[in-house]
Amino acid sequence: MKTREAIAVAPLTAALALTAGLLTIFAMMNTPGAVAQGTAPTGTVEVTPPKLATPPAQAKPAAAKPAEPAKPGAAKSTDAAKVATGPRSIVGEVVDPACWIVNGARGDAHKECAIACAKAGQVLAILEKKSQKLYLVATDNPGDDPNKGLIDYVAQTVLVKGRVYTRGGATGIKVTSVEPYTAPKAGAE
Numbered sequence: 006m007k008t009r010e011a012i013a014v015a016p017l018t019a020a021l022a023l024t025a026g027l028l029t030i031f032a033m034m035n036t037p038g039a040v041a042q043g044t045a046p047t048g049t050v051e052v053t054p055p056k057l058a059t060p061p062a063q064a065k066p067a068a069a070k071p072a073e074p075a076k077p078g079a080a081k082s083t084d085a086a087k088v089a090t091g092p093r094s095i096v097g098e099v100v101d102p103a104c105w106i107v108n109g110a111r112g113d114a115h116k117e118c119a120i121a122c123a124k125a126g127q128v129l130a131i132l133e134k135k136s137q138k139l140y141l142v143a144t145d146n147p148g149d150d151p152n153k154g155l156i157d158y159v160a161q162t163v164l165v166k167g168r169v170y171t172r173g174g175a176t177g178i179k180v181t182s183v184e185p186y187t188a189p190k191a192g193a194e
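As numbered in the working numbering, residues 6 to 194 make up the sequence shown, in order.
So, in structure tokens, the structure goes:
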């Protein structure tokens, strides 16, 4: 028989495993030639590094270049690496990023699954209509629900306003407003 604490921790454990799996997938996506093998139900993914075109023993040494003097301000702190690209308006679909990245799942056919995942702790994302860029939803304060205001729009095209941040190849948005989006009619000004 499970205790209340064990039952309450189970969804959090699943969300943490899913997040770890997503981080592995993101890392693999930025490694050309890497291959992922694993199973979604267990949340385990094994990444095989890409094969080198030239074996390391046969690699030719690069021509030595004289060291350049360090430029003032070249070393940056972790906080300085956080780039705020500023206020933006994005038109896109509210999606479950895990299912979209792994399976390409989105739209009405995936709506109920995405809502269930969001209620279990999965943070939603905005898949920009024009560029197909994925914006993970973020908040400033621990404990705030990033999905608040978005869960009602899963699988719908919305206009999201907020502040966009980029770090390490990932892009997030702190949502300030969300509303259904209707494309302007042809010929309308």
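By construction, the Cβ of each residue, glycine as well, lies at the ideal position given by its N, Cα and C atoms.
What residue does the alpha helix (DSSP H) around Val107 start on, and which one ends it? That run of the alpha helix (DSSP H) goes Pro102 to Asn108.
Helix, strand or coil for Thr176? Go by DSSP, reduced to three states. DSSP places Thr176 in the strand class (E or B) of the three-state scheme.
Mapping the DSSP letters down to three states, classify Ala143 as helix, strand or coil. In this structure, Ala143 counts as strand in the three-state DSSP scheme.
Does the Cβ of Asp157 have 16 or more other Cβ atoms within 10 Å, making it buried, or fewer, making it exposed? Per the 10 Å Cβ criterion, exposed.
Same chain only: Cβ atoms within 8 Å of Ala130, ignoring 5 sequence neighbours per side: Short of 8 Å from the beta carbon of Ala130, and not among the five residues preceding or following it, lie these beta carbons of its own chain, in chain order: Val99, Val100, Asp101, Pro102, Trp105, Leu139, Tyr140, Leu141 and Val142.
Using CA atoms only, rank isn't needed, just tell me which of Ser94, Ile178 and His115 is closest to Asp145. Checking every option, the nearest Cα to that of Asp145 belongs to Ile178.
By Cβ distance below 7 Å, which residues in the same chain neighbour Val128 in space, the five residues on each side in sequence not counted? Excluding residues within five positions, the ones whose Cβ falls inside 7 Å are Leu141, Val142, Pro151 and Asn152.
Would you mind giving the Cβ-Cβ distance between Val169 and Thr176, rounded to the nearest angstrom? I have them listed as a contact below 8 Å. Correct: roughly 7 Å between the Cβ atoms.
Does the distance from the C-beta atom of Lys195 to that of Val159 stay below 8 Å? Look at the range of the chain in this structure, 6 to 194, and you will see that residue 195 is not part of it.
Can you check whether the CB of Thr90 is closer than 8 Å to the CB of Thr171? A contact, by the Cβ cut-off of 8 Å.
Do you know how far the Cα of Gly173 is from the Cα of Asp113? Each residue's alpha carbon lies about 31 Å from the other.
State buried or exposed for Ala119, treating a residue as buried only when at least 16 other CB atoms are found within 10 Å of its CB. Taking every protein chain shown into account, the CB of Ala119 has 16 or more other CB atoms within 10 angstroms, so this residue is buried.
Helix, strand or coil: how does DSSP classify Ala119 here? Ala119: helix per DSSP, three-state reduction.
Whole angstroms are fine: how far does the CA of Val107 sit from the CA of Ala121? In this structure, the straight-line span from the alpha carbon of Ala121 to that of Val107 is close to 17 Å.
Could you give the first and the last residue of the continuous beta strand (DSSP E) run that contains Leu132? Boundaries of the beta strand (DSSP E) harbouring Leu132: Ala130 to Glu133, taken from the DSSP string.
So, with DSSP's three-state summary, where would you put Lys138? In the three-state reduction of the DSSP assignment, Lys138 falls in the coil class, being assigned neither a helical nor a strand state.
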